[in-house]
DNA sequence: GTCTATAATGGGATAGAC
DNA sequence: GTCTATCCCATTATAGAC
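Chains as they are written, first to last, in my numbering: chain A, 5 to 195; chain B, 5 to 195.
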């Protein structure tokens with residue numbers, strides 16, 4: 005594999021486990037098998053690396069959301085898939101969504117990275133608002149209230165449930181924290 | 005004020021803004037007005053400081069929960085007060101609950117600090133389970149399902165809503181994310 | 001593209017005078 | 001209890017050979 009990609013992969017794993025301040029070029033160098041000075045050839049500064057990391061992550065996530073949105077499914081099924089994204093991102097209780105992991109050490113981040121993070125949040129909320137709006141029409145989700153509030157509550161629930169599960173290193177904590185939310189979603193139809 | 009207390013206060017502010025890795029003895033020294041070497045007289049290592057910090061915070065929080073629990077109020081009013089604790093902890097969008105702030109850089113923390121953090125979470129969940137159980141009886145909260153799931157979902161919602169509000173540096177984001185939850189609580193009676 | 005070598009900085013921590 | 005002075009280490013980053 006491409007050294008550059010290997011570095012990004014290694015950095016993503018580390019960042020999602022330990023946050024931005026929690027990984028160093030020395031870690032990456034050991035992990036990838038080159039010297040730390042060589043990393044600067046690919047990413048001149050750590051801020052450059054972080055920016056590309058978060059951009060790549062946001063793009064991948066946005067693709068996943070677009071993929072879900074395009075499916076010919078109702079609101080409940082889209083939200084179930086959304087829930088699955090956050091469950092999978094936990095990697096069994098060891099990792100967080102990169103944006104949650106970066107949200108903590110926020111003050112260490114460069115302005116461009118913060119900008120991507122904020123966009124990620126705004127896009128997520130907009131996507132959720134859209135899905136909740138369609139769910140209100142197709143009646144596949146019970147008790148849908150104000151769309152903006154639903155979207156923010158859902159995002160908060162995902163991020164908080166990740167923190168709880170990560171703290172306990174136990175994926176089941178995520179499932180329990182999101183059980184009531186999942187119960188609002190009408191069952192998947194058996195095609 | 006006591007130098008020791010001033011150091012703890014300064015450290016708490018810094019930690020809740022920037023996480024464990026995000027503050028240093030140099031910061032505290034500048035803030036409190038002594039030299040950084042002097043801090044070691046009060047707290048030999050940073051792990052010692054962090055432990056006392058998190059213990060003090062957990063104790064204060066536990067007192068607040070006990071205070072709420074002892075009030076002659078129904079489940080809804082207790083949960084409203086709980087919500088208020090997390091809203092106030094945001095300090096208008098600039099700070100997180102210490103346990104949320106520490107949850108991120110988890111891997112940097114010493115085992116004793118992690119232990120206090122885990123106890124904090126467990127105690128919070130137990131407290132919430134108890135309140136939801138009583139709310140099920142007094143019918144002051146709508147649609148109460150499984151107690152354990154309700155408790156974990158509520159904790160996750162608080163923590164996630166804090167992250168969202170902090171990211172936007174806007175307290176109102178917290179209110180919006182928790183609006184649906186607040187709407188489940190029966191209105192406060194006018195004595 | 002990767003290496004060795006080396007800044008330059010900042011971190012936590014210690015010794016010992018006052 | 002606080003200070004100065006110092007240590008050791010890890011960090012990001014650069015220069016220049018190969």
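Using N, Cα and C, we set each Cβ at its ideal position, and we do this for glycine too.
Query raised in the report: If the cut is a Cβ gap below 9 Å, which residues of chain A does residue 122 of chain B touch?
Result: 171, 172
**Report entry** Complete alpha helix (DSSP H) runs within the stretch 100-176 of chain B (minimum length 4 residues, chain order)
**Finding:** 102-108, 115-142, 151-172
Query raised in the report: Roughly how many whole angstroms lie between the Cα atoms of residue 190 of chain B and residue 95 of chain B?
Result: 26 Å
Report task. Would you kindly work out how many angstroms separate the C-alpha atoms of residue 14 of chain A and residue 92 of chain A, rounded to a whole number? Result -> 18 Å
Query - Min CB distance residue 12 of chain A to chain B below 8 Å - result: no
Query raised in the report: Do you know whose CA, among B:59, B:43, B:22, lies nearest residue 122 of chain B's CA?
Result: B:59
Requested in this report: Look at the Cβ atom of residue 112 of chain B, then the Cβ atom of residue 25 of chain B, and state whether they are nearer than 8 Å.
Outcome: yes
Query raised in the report: Which partner residues of residue 189 of chain B appear in the DSSP bridge assignment?
Result: Within the DSSP bridge table, the entry for residue 189 of chain B names B:145 as partners.
**Report entry** Limits of the unbroken alpha helix (DSSP H) element including residue 90 of chain B
**Finding:** 79-93
Requested in this report: Give a yes or no on whether the minimum CB-CB distance between residue 104 of chain B and chain A is below 8 Å.
Outcome: yes
Report task. Classify residue 199 of chain A as helix, strand or coil using the three-state DSSP reduction. Result -> Because chain A in this structure spans residues 5 to 195, residue 199 of chain A falls outside the shown range and cannot be described.
Report task. Output the boundary residues of the alpha helix (DSSP H) element that contains residue 42 of chain A. Result -> 40-46
Report task. Answer yes or no: do residue 154 of chain B and residue 167 of chain A have a C-beta to C-beta separation smaller than 8 Å? Result -> no
**Report entry** Test: residue 22 of chain A CB closer than 8 Å to a CB of chain B
**Finding:** yes
Query raised in the report: To which residues of the same chain is residue 56 of chain A closer than 8 Å at the C-beta, ignoring the five residues directly before and after it?
Result: 12, 47
Query raised in the report: By how many angstroms is the C-alpha of residue 68 of chain B removed from the C-alpha of residue 7 of chain B?
Result: 25 Å
Report task. Give a yes or no on whether 8 Å exceeds the smallest Cβ distance from residue 47 of chain B to chain A. Result -> no
Query raised in the report: Which chain B residues are close to residue 57 of chain A, counting only those with a beta carbon under 9 Å from its beta carbon?
Result: Within chain B, no residue comes near residue 57 of chain A; the closest Cβ sits about 16 Å away, beyond 9 Å.
Requested in this report: Answer with yes or no whether the minimum CB distance from residue 26 of chain A to chain B is below 8 Å.
Outcome: yes
**Report entry** Pair within 8 Å by beta-carbon distance, residue 170 of chain A and residue 97 of chain A
**Finding:** yes
Query raised in the report: DSSP on residue 182 of chain A, reduced to helix/strand/coil?
Result: Of the three classes helix, strand and coil, the one that applies to residue 182 of chain A here is coil, per DSSP.
**Report entry** residue 6 of chain B - DSSP class collapsed to helix/strand/coil
**Finding:** Three-state DSSP puts residue 6 of chain B in coil, outside helix and strand.
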